[in-house]
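Below is one structure, written out as structure tokens; the observations come after it.
Protein chains in written order, with my numbering: chain A, 8 to 543; chain B, 8 to 543.
Next up, the structure:
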């Protein structure tokens with residue numbers, strides 16, 4: 008197997024120029040760049056619909072951007088963008104298209120997979136969602152004692168959890184119903200037990216979300232849900248179960264009635280699925296009209312990504328800046344700080360999106376790569392994060408590029424809080440960039456500055472702006488993966504752990520199986536668990 | 008100013024030997040190490056009280072451990088450990104001791120700061136907590152309409168939030184009262200409004216936790232709490248306010264009555280304060296008897312750390328392995344995965360502890376250092392994390408050392424869930440270490456393995472085991488900081504952002520102040536916010 012230090016399809020000349028350029032630019036403090044060029048902020052910021060994106064506080068000049076664009080062009084990025092929208096099977100290792108853009112396309116925008124207009128399938132399923140949500144909101148979905156359902160428990164994990172959980176919470180200002188929604192994902196049953204405690208079996212509906220309908224955590228939790236319903240005297244389980252899956256038969260066998268089975272498709276990856284019926288909890292919370300606004304917000308970003316030349320293309324620009332830090336400054340992390348309590352799940356959501364998509368080391372030609380791919384994505388909400396991790400950003404040693412995200416306006420009546428929130432967010436990007444020298448006698452008080460960040464302002468946190476924002480990250484992730492020449496849509500790395508956990512689970516149930524050989528560490532851990540759980 | 012590539016007080020010979028040794032050891036796959044030495048797991052694991060710690064799945068041999076210990080000894084680590092317990096002012100930049108060990112010491116174990124036996128102060132405050140908690144649990148703490156308090160809202164941020172929030176939630180199996188506890192920390196008022204929605208002003212008590220009683224977020228939230236109480240007709244504010252602070256006067260001026268002011272001390276850092284009255288929400292949830300178990304759990308680890316020789320000293324061993332990855336393998340991150348829903352705050356808590364303590368680049372002699380200090384700490388609960396980030400761990404490019412944490416037994420009646428949870432946890436460390444080769448024709452399916460992890464088993468998640476666990480991380484963090492020759496107890500890096508946010512906050516209130524000059528990016532961001540919030 009060959010190994011590659013430069014992505015195979017990048018013109019090596021372009022990559023080497025960036026290596027050289029990095030050495031020059033790293034000598035220049037960001038605050039000097041601002042002094043040298045008064046037009047810098049205008050040059051390196053863009054407005055799109057109701058997003059304002061400032062990427063001027065980065066270690067870039069016009070030359071950097073131009074070199075990055077040349078590098079990107081050498082990989083035929085524009086063709087790759089056309090290719091994904093064409094429905095080509097760009098997920099080569101699983102022989103699938105990555106057609107999540109169809110999930111948010113207007114009905115007259117046709118996308119094709121295997122010659123089939125999938126937009127039509129999507130809109131038929133949206134209609135299905137609409138009918139269900141209307142019935143539910145009208146109190147016409149009823150439990151086994153004929154009381155209207157007033158609580159929904161979403162059982163799903165990974166993509167079937169993070170996306171709907173993020174958006175349902177983020178958009179609670181747009182709620183049109185008082186139906187309680189809980190999310191259960193962990194196989195640790197503290198999770199589902201906590202949801203049970205807050206719910207009444209007579210009026211609770213479970214959404215079982217799993218593309219394969221075999222996800223171990225989800226099926227075990229669904230079985231425990233059924234047990235709970237039965238123990239509480241439920242004699243009509245089918246009134247309390249709903250499934251979102253690509254495996255209709257398995258859902259039906261589990262006891263979900265046909266009209267409660269919502270479909271997703273093989274050409275939708277789990278981490279891109281919140282736009283589909285996996286997003287049902289979102290639609291239940293905010294109603295279908297707002298859900299369509301959410302889809303439209305994403306769809307306008309799709310259009311931007313598909314149509315704009317690379318130099319004006321926001322996902323492209325941001326992805327190239329990511330590449331700049333990861334491959335030329337050797338950053339191993341990237342931080343996401345939404346200054347918004349309602350976006351508390353965003354770092355986790357973006358973390359899954361990028362780390363699962365681009366945490367790869369075999370390229371599309373089967374070669375081992377020796378350049379870095381996905382960084383660790385981490386973060387937390389501001390201002391909390393300031394009081395926990397920002398010390399490291401300001402005075403620590405790793406270089407961490409940061410995304411700050413905040414909405415300009417707030418729905419709150421007390422504007423003081425929001426002004427302070429805004430002030431803190433803007434002050435942090437300024438402080439990270441500028442730093443300051445307090446004292447030569449007390450060097451521990453000095454802040455070096457020169458730390459890069461992007462600031463994304465939303466006019467307001469709305470279904471449309473959230474849709475655009477998430478879609479921006481999706482395509483940014485795609486562009487990164489394209490440059491790295493990897494398959495952003497598979498996830499083979501998680502199979503081995505799943506297989507081994509079945510073996511160990513069996514051993515924990517039956518006692519250690521001497522025909523199975525583990526390393527001595529795993530052996531001892533299993534024995535220790537068996538001994539201690541017996542003695543407890 | 009000088010710059011240092013090796014910590015100044017480390018014998019350079021020891022450091023260079025580790026550099027050389029790393030080159031040799033990185034050629035050897037972990038699974039080969041296990042094959043070569045059947046006694047490896049036994050050699051590299053330790054039991055302490057009810058913790059079992061396996062660190063055999065690391066890139067270490069006996070030689071590595073010996074070289075790391077020699078390096079540590081060259082810095083007089085044992086003396087440094089004695090020194091912190093002696094109450095010396097090891098937080099040099101703030102001229103303070105770091106005497107959080109006194110917070111959990113038994114009454115007859117005397118610790119001194121400035122010649123004063125602080126254990127006595129601590130126990131007097133513990134008595135104060137006991138009296139209050141008993142009154143509260145008996146329904147004898149009453150609101151302005153004379154109804155018993157049944158809801159507590161803790162207002163605090165950073166150390167005054169993460170610690171109590173973590174432990175209050177983690178130990179809910181040990182709850183002795185049904186008093187509702189909410190945590191508010193963000194200056195975004197969605198946070199406090201959400202707590203208001205779940206509370207009745209007649210029966211709600213606010214704990215205002217701030218060492219300085221000037222923390223902007225906390226004071227603004229406390230003011231909003233007072234406003235809420237007043238708007239709801241509360242005429243006896245003092246019945247609803249409690250403070251934990253080192254600034255008695257400010258709390259009193261805010262309207263907190265003397266007996267409701269709980270004291271903390273200058274020799275307690277915020278991120279080490281959950282053992283003090285900052286932990287009041289924990290004591291309210293689990294009662295004082297369990298709270299003492301929690302303190303004792305930590306105290307036994309203090310004793311271990313203080314007394315054991317370095318080669319048997321768990322915080323020392325784990326810290327040296329951390330250093331091994333950070334300084335010799337150049338890892339920029341470290342992941343924490345508790346396989347326990349109740350420990351969902353642990354990654355954030357440990358993140359603050361380590362990143363705020365050791366995110367530094369000036370050493371104790373005022374020199375700029377050029378070796379790496381604190382990595383980015385990240386993580387999430389298992390099994391959720393498996394479905395979001397583990398792809399990167401298995402097949403991504405950055406080397407991420409992992410801590411797996413799980414309790415062997417579970418309080419749940421349905422043991423199936425817990426067995427699956429255990430199996431998943433153990434399987435992940437096995438898969439990360441071993442990897443596997445599925446196919447030479449489909450290299451994207453292969454898992455390279457060779458990824459390191461520590462597994463920490465708790466017999467059960469209890470006040471005592473949680474106390475020991477958190478204390479283990481505290482001392483591990485201290486040892487790291489000692490080796491790096493930095494002050495782990497200050498946090499000067501966060502001052503600048505605080506100062507700038509006051510300026511920008513004023514501008515957002517009054518309109519842009521043309522006498523204040525920002526960089527063009529920050530200028531435009533402020534103007535954009537002013538324009539858009541006017542037009543909205």
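All C-beta atoms in this analysis are idealised placements derived from N, C-alpha and C, irrespective of residue type, glycine included.
Computed from a predicted model, the values in this text were never measured in an experiment.
Quick one: which chain A residues come within Cβ less than 7 Å of residue i?
i, result
"residue 435 of chain B", "504"
"residue 421 of chain B", "196, 231"
"residue 358 of chain B", "395, 396"
"residue 96 of chain B", "Those within 7 Å of residue 96 of chain B in chain A number zero; the least Cβ separation is about 15 Å."
"residue 162 of chain B", "Ordered by position in chain A, no residue passes the 7 Å Cβ test against residue 162 of chain B, which lies about 13 Å from the chain."
"residue 348 of chain B", "193, 195, 197, 198"
"residue 224 of chain B", "390"
Is it buried or exposed for residue i, if we count other Cβ within 10 angstroms and need 16 for buried?
i, result
"residue 389 of chain A", "buried"
"residue 367 of chain B", "buried"
"residue 48 of chain A", "buried"
"residue 514 of chain A", "buried"
"residue 224 of chain B", "buried"
"residue 242 of chain A", "exposed"
"residue 178 of chain B", "buried"
"residue 117 of chain B", "exposed"
"residue 408 of chain A", "buried"
"residue 516 of chain B", "exposed"
"residue 27 of chain A", "exposed"
"residue 518 of chain B", "exposed"
"residue 123 of chain A", "exposed"
At 9 Å on the CB atoms, spell out the chain B contacts of residue i, in chain order.
i, result
"residue 340 of chain A", "339, 340, 382, 383, 385, 405"
"residue 188 of chain A", "Near residue 188 of chain A there are no residues of chain B at all, since even the closest Cβ is about 15 Å away, more than 9 Å."
Going by the DSSP bridge assignment, what does residue i pair with across the sheet?
i, result
"residue 53 of chain B", "B:60"
"residue 357 of chain A", "Paired residues: none, contrary to the question."
"residue 498 of chain B", "Partner(s): none; residue 498 of chain B has no beta bridge."
"residue 375 of chain A", "A:10, A:369"
"residue 149 of chain B", "B:155"
"residue 460 of chain B", "B:409"
"residue 248 of chain A", "A:213"
Using a cut-off of 9 Å between C-beta atoms, extract the partners of residue i located in chain A.
i, result
"residue 450 of chain B", "8, 369, 373, 374, 375"
"residue 159 of chain B", "What residue 159 of chain B touches in chain A: nothing, since even the nearest Cβ is about 19 Å away."
Kindly indicate which residue of the options has the alpha-carbon position closest to the one of residue i.
i, options, result
"residue 163 of chain A", "A:477, A:507, A:232, A:502", "A:232"
"residue 360 of chain A", "A:279, A:420, A:12", "A:279"
"residue 506 of chain A", "A:222, A:22, A:272, A:343", "A:222"
"residue 194 of chain A", "B:423, B:473, B:324, B:465", "B:423"
"residue 336 of chain B", "B:165, B:380, B:261, B:310", "B:380"
"residue 451 of chain B", "A:240, A:499, A:330, A:450", "A:499"
"residue 399 of chain B", "B:509, B:342, B:111, B:255", "B:342"
"residue 4 of chain B", "B:96, B:184, B:144, B:417", "This structure gives no information on residue 4 of chain B, because the portion of chain B shown stretches from 8 to 543."
"residue 454 of chain A", "B:16, B:369, B:214", "B:369"
"residue 365 of chain A", "B:57, B:436, B:396", "B:396"
What I want to know is whether the C-beta of residue i ends up closer than 7 Å to one or more non-hydrogen atoms of the ligand PLP.
i, result
"residue 264 of chain B", "Absence of the ligand PLP from the depicted structure is noted, as is the absence of any ligand whatsoever, leaving it without description."
Can you pull the chain B neighbours of residue i, defined as C-beta to C-beta under 7 Å?
i, result
"residue 462 of chain A", "532"
"residue 11 of chain A", "What residue 11 of chain A touches in chain B: nothing, since even the nearest Cβ is about 12 Å away."
"residue 512 of chain A", "426, 427, 430"
Report the neighbours of residue i on chain B: residues whose CB is nearer than 8 Å to its CB, in chain order.
i, result
"residue 352 of chain A", "By Cβ distance, chain B contributes nothing, its closest Cβ being about 11 Å from residue 352 of chain A, past 8 Å."
Could you tell me which chain A residues have their CB closer than 8 Å to the CB of residue i, listed as they occur along the chain?
i, result
"residue 45 of chain B", "527"
_Contacting positions in the stretch 165-178 of chain A - beta carbon closer than 9 Å to chain B_ = Those residues of the stretch 165-178 of chain A that come within reach of chain B (Cβ to Cβ, closer than 9 Å) are 165, 166, 167, 168, 169.
*the stretch 122-139 of chain A: positions lying closer than 9 Å to chain B by Cβ*: Listed in sequence order: no entries.
*Please list the residues of the stretch 523-539 of chain A that have a C-beta atom closer than 8 Å to any C-beta atom in chain B, keeping them in chain order.*
Result list: 525, 526, 527, 528, 529, 530, 531, 532, 533, 535, 536, 539.
*When you check each C-beta in the stretch 290-321 of chain A against every C-beta of chain B, which residues fall closer than 7 Å?*
Correct list: empty, as no residue qualifies.
*Using a Cβ-Cβ cut-off of less than 8 Å, give me the residues of the stretch 459-486 of chain B that come near chain A, in sequence order.*
For the stretch 459-486 of chain B, which is checked against every Cβ of chain A, the residues closer than 8 Å are 462, 464, 466, 467.
_Positions along the stretch 54-65 of chain B whose CB lies within less than 7 Å of some CB in chain A_ = Per Cβ criterion, the list reads 59, 61, 63, 64.
*Using a Cβ-Cβ cut-off of less than 9 Å, give me the residues of the stretch 18-39 of chain A that come near chain B, in sequence order.*
Those would be 37, 38, in chain order.
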